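Before any comments, here is the structure.
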Amino acid sequence: MSYKSEVGQRLRTLRKAGQLTLADLASRSGVSVSTISKIENGALSPTLDVILKLCDGLSVQIGDLVSGTDNRATKEMTAPNSRLAPAYKGEGALISTENYDYFYLCPDVKNKFIVPILAKLKARDLKSFGELFRHGGEEFLYVLEGSVEVHTEHYEPLILHKGDSVYLDSQMAHGYVSTGEGQAEVLCICTEPQVQSV
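For the record, in the sequence shown the residue sitting at position 75 is 74 according to numbering that gives the first Met the number 0, with numbers rising by one throughout.
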């Protein structure tokens, strides 16, 4: 089974566990019914902003959707301060979209405050990238390989090279495209948006 199909099955399971119709979840998340249906049926890989909107609409954390373990019973607990979760090379959860290959690191860690992601950038210009994304929280991006052009709704494009970084408010529309000769690879650390109780 592809990871895309696994995410779709988890989404359907979480939606039904919350006794939500497709229309209910669309209303709560701001993601269209057709997009939710395509994700549930394994026909579409959700982008990070869509995943976060769906998590907000379901009142779950990103790990519940990405790794598939429901932690609602422990959601009210604060995260312990003595956890250790190694992420060895090649381990994690891959979600491939038109613009990025997202590799979620340590997806099984629950009640975490940050979401670490390795990403390979596919788009080479803003036209092929399409509409900029926005989601809750903040994020830090560090360029591991190649060059990256950072686009936001409020600032001029910013060019980053290997070793450069940027910190931004994820609620501001943004997107990253690969520039230069090789494919860019980045480490992105997003804060987990606060889940609102229903």
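From the three backbone atoms N, C-alpha and C, an ideal C-beta is built for every residue, glycine too. Predicted model only: the values in this text are computed from it and were never measured.
Per DSSP, what are the beta-bridge partners of residue i in this structure?
i: Ala92; result: Tyr103
i: Thr151; result: His173
i: Lys119; result: Asp100, Glu184
i: Val49; result: Looking at the DSSP assignment, Val49 forms no beta bridge with any residue, so it has no partner.
i: Ile61; result: Note: Ile61 sits in no beta bridge, so no partner.
i: His160; result: Ser146
i: Glu138; result: Leu167, Cys189
i: Ile35; result: None, per the DSSP bridge assignment.
i: Gly132; result: It should be noted that the sequence gives Phe, not Gly, for residue 132. Note: Phe132 sits in a beta bridge opposite His173.
Nearest by alpha-carbon distance to residue i: which of the options is it?
i: Tyr115; options: Asp124, Lys121, Cys105; result: Residue 115 is actually Pro in this sequence, not Tyr. The shortest Cα separation from Pro115 among Asp124, Lys121, Cys105 belongs to Cys105.
i: Tyr175; options: Gly29, Val59, Tyr141; result: Tyr141
i: Ser164; options: Glu155, Leu57, Glu148, Gly179; result: Glu148
i: Ser81; options: Phe102, Val108, Leu157; result: Val108
i: Ser177; options: Leu159, Leu167, Asp168, Gln170; result: Leu159
i: Asp55; options: His150, Ser169, Gly135, Tyr166; result: Gly135
i: Ser169; options: Lys111, Val49, Phe102, Val65; result: Val49
i: Pro45; options: Val30, Ala122, Asp124; result: Val30
Just mark residue i as buried or exposed, buried being the case when its beta carbon has 16 or more other beta carbons within 10 Å.
i: Phe128; result: buried
i: Phe132; result: buried
i: Gly145; result: buried
i: Ser26; result: exposed
i: Lys52; result: buried
i: Ala16; result: exposed
i: Gly91; result: buried
i: Leu83; result: exposed
i: Gly138; result: According to the sequence as given, residue 138 is Glu; it is not Gly. Buried: at least 16 other Cβ atoms inside 10 Å.
i: Asp63; result: buried
i: Phe112; result: exposed
i: His153; result: exposed
i: Tyr87; result: exposed
i: Ala183; result: buried
Return yes when at least one heavy atom of the ligand ATP lies under 8 Å from the C-beta of residue i, else no.
i: Pro45; result: With respect to small molecules bound, the structure shown includes none, and the ligand ATP cannot be examined in it.
### Query
In the region 167 to 194, which residue ranges form an unbroken beta strand (DSSP E) of at least 3 residues, counting only runs that do not cross its ends?
Listed in chain order, they are 173 to 178, 184 to 190.
### Query
Does the region 33 to 46 come close enough to the region 5 to 14 that 3 or more CB-CB pairs lie under 8 Å?
Pairwise C-beta distances place the region 5 to 14 in contact with the region 33 to 46, as three or more of them are shorter than 8 Å.
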